[in-house]
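Enquirer: Line by line, the protein sequences are chains A and B. Residues in the first sequence are numbered consecutively from 38, following the working numbering. Residues in the second sequence are numbered consecutively from 62, following the working numbering. The C-beta atom is built at its ideal place from N, Cα and C for all residues, glycine as well. It should be emphasised that the depicted structure is a prediction, and the values quoted were computed from it without experimental measurement. Questions regarding the structure given below will be posed in turn.
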Amino acid sequence: AQTVTQSQPEMSVQEAETVTLSCTYDTSESDYYLFWYKQPPSRQMILVIRQEAYKQQNATENRFSVNFQKAAKSFSLKISDSQLGDAAMYFCAYRSKGKLIFGQGTELSVKP
Amino acid sequence: KAGVTQTPRYLIKTRGQQVTLSCSPISGHRSVSWYQQTPGQGLQFLFEYFSETQRNKGNFPGRFSGRQFSNSRSEMNVSTLELGDSALYLCASSLLARPGRSTNEKLFFGSGTQLSVL
Chain A
38 AQTVTQSQPE
48 MSVQEAETVT
58 LSCTYDTSES
68 DYYLFWYKQP
78 PSRQMILVIR
88 QEAYKQQNAT
98 ENRFSVNFQK
108 AAKSFSLKIS
118 DSQLGDAAMY
128 FCAYRSKGKL
138 IFGQGTELSV
148 KP
Chain B
62 KAGVTQTPRY
72 LIKTRGQQVT
82 LSCSPISGHR
92 SVSWYQQTPG
102 QGLQFLFEYF
112 SETQRNKGNF
122 PGRFSGRQFS
132 NSRSEMNVST
142 LELGDSALYL
152 CASSLLARPG
162 RSTNEKLFFG
172 SGTQLSVL
């Protein structure tokens with residue numbers, strides 16, 4: 038069975054600094070997709086970035102980028118120039134056969 | 062364009078009762094999936110519907126059921142409520158769907174229904 042592990046329950050970053058959130062996953066499948074979701078206090082899950090497993094190039098979305106290491110089954114999220122609005126719960130997720138498997142989440146706080 | 066709408070936002074029930082939660086997807090979206098979020102178990106997949114058919118099901122007891130209507134709106138029902146069913150229930154919809162296949166399509170989530178079972 039596929040599993041997703043986020044080993045950092047909480048992280049903190051100074052405003053304008055860079056922070057990296059870790060995620061590892063376990064699978065025997067070759068066709069899958071990886072995502073990072075953000076859940077602010079409003080509770081609505083918001084897609085931050087996504088990565089196709091067959092692509093070598095790391096995905097980038099503005100201040101957000103990933104470091105995808107397929108052999109190591111690692112998928113970390115880097116947030117550059119952190120802003121107060123980035124404070125939220127971040128979930129790493131693996132998509133397989135129509136369902137998302139989520140990690141336990143990392144709560145990110147941003148200090149002004 | 063309206064987002065995914067879940068009703069009600071909050072619900073309080075007692076053990077043994079049943080509950081129905083509603084999800085209206087974004088217009089044009091045909092795929093709807095449901096997730097349960099609890100502090101202890103995190104986010105867990107419940108079911109996925111596409112064109113009124115359940116395409117995928119998570120590891121939940123038969124007390125959890127769902128359906129999808131011809132307009133893509135979906136409901137989930139929990140019968141004989143237990144204290145452990147207290148959770149945030151999230152619904153997500155997507156435009157393109159290859160039912161039962163992996164895909165990178167974007168899921169749009171609603172704000173959830175917070176269910177408390179007393």
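Does the distance from the CB of B:Y96 to the CB of B:F106 come in under 7 Å?
Expert: A contact, by the Cβ cut-off of 7 Å.
Enquirer: Roughly how many whole angstroms lie between the Cα atoms of A:M126 and A:G135?
Expert: 23 Å
Enquirer: Do B:A153 and B:S88 have their beta-carbon atoms positioned less than 7 Å apart in this structure?
Expert: no
Enquirer: By the 10 Å Cβ neighbour count, where 16 or more other Cβ atoms means buried, how is B:S92 classified, buried or exposed?
Expert: buried
Enquirer: Which residues bound the beta strand (DSSP E) around B:A153?
Expert: A148 to S155
Enquirer: Could you tell me whether any Cβ in chain B is nearer than 7 Å to the Cβ of A:F139?
Expert: yes
Enquirer: Which residue wins for smallest C-alpha separation from B:R76, given the options B:E143, B:G173, B:S126 and B:L156?
Expert: B:E143
Enquirer: Measure from the alpha carbon of A:Q81 to the alpha carbon of each residue in B:K118, B:S131, B:Q98 and B:Q115, then state which is nearest.
Expert: Nearest neighbour of A:Q81 by Cα position, chosen from B:K118, B:S131, B:Q98 and B:Q115, turns out to be B:Q98.
Enquirer: What do you get for A:K148, buried or exposed, if any count of 16 or more other CB atoms within 10 angstroms of its CB means buried?
Expert: exposed
Enquirer: State yes or no: is the C-beta of A:F101 within less than 7 Å of the C-beta of A:I86?
Expert: yes
Enquirer: Can the beta-carbon of B:Q102 be found closer than 7 Å to that of B:S140?
Expert: Taking a C-beta distance under 7 Å as the contact criterion, B:Q102 and B:S140 do not qualify as a contact pair.
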